[in-house]
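Novice: The structure is given below, and queries will be raised subsequently.
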Amino acid sequence: MASQAASMPSISPAAAQTAPSVDALAASKPKPCCVCKDEKAKRDECMLFSSAADAQKDCQPTIDLYKTCMAGFGFKI
52 MASQAASMPS ISPAAAQTAP SVDALAASKP KPCCVCKDEK AKRDECMLFS SAADAQKDCQ
112 PTIDLYKTCM AGFGFKI
């Protein structure tokens with residue numbers, strides 16, 4: 052039985068050094084739980100303690116502030 056060698060693309064040492072590693076990218080981006088804590092607390096408080104019939108409508112400005120803050124860190128909600 053004849054075996055065939057698979058052709059694998061190679062990366063030059065210069066390209067390997069300039070490409071950021073996945074670990075470096077993950078370490079530089081904060082976790083969602085660690086950003087916008089004040090905005091999240093205000094949003095949660097508004098939603099939990101709103102006396103309006105529709106808490107989501109009542110708290111929409113607070114929700115929008117939280118979404119804007121999270122978007123600033125690259126998170127899509």
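Heads up, the sequence shown is in my numbering, so the first residue is 52 and it goes up one at a time. For every residue, glycine included, the Cβ atom is placed at its ideal position computed from N, Cα and C. Please read these numbers as outputs of a predicted model, since none were measured by experiment.
Is the distance from the Cβ of K93 to the Cβ of T113 below 8 Å?
Specialist: For the purposes of this step, residue 93 is taken as the residue at position 42 of the sequence shown. For the purposes of this step, residue 113 is taken as the residue at position 62 of the sequence shown. Going by C-beta atoms, K93 is nearer than 8 Å to T113.
Novice: With burial defined as no fewer than 16 other Cβ atoms inside 10 Å of the residue's Cβ, what is the status of K85: buried or exposed?
Specialist: For this step, residue 85 is matched to residue 34 along the sequence shown. Looking at the sequence itself, residue 85 is Cys, so the reference to Lys does not match. C85 is exposed by the Cβ-count criterion.
Novice: Run the proximity test for V86: is its beta-carbon closer than 7 Å to any non-hydrogen atom belonging to the ligand MN?
Specialist: You won't find the ligand MN in this model; it holds no ligand whatsoever.
Novice: Apart from the five residues just before and just after K118, which ones in its own chain have a Cβ nearer than 6 Å to its Cβ?
Specialist: In the sequence shown, residue 118 corresponds to position 67, counting from 1. Contacts found: I128.
Novice: Counting only the same chain and skipping the five closest in sequence on each side, list residues whose C-beta sits under 6 Å from that of A106.
Specialist: Position 55 of the sequence shown, counting from 1, holds the residue named residue 106. Taken in chain order, the residues that qualify are M98.
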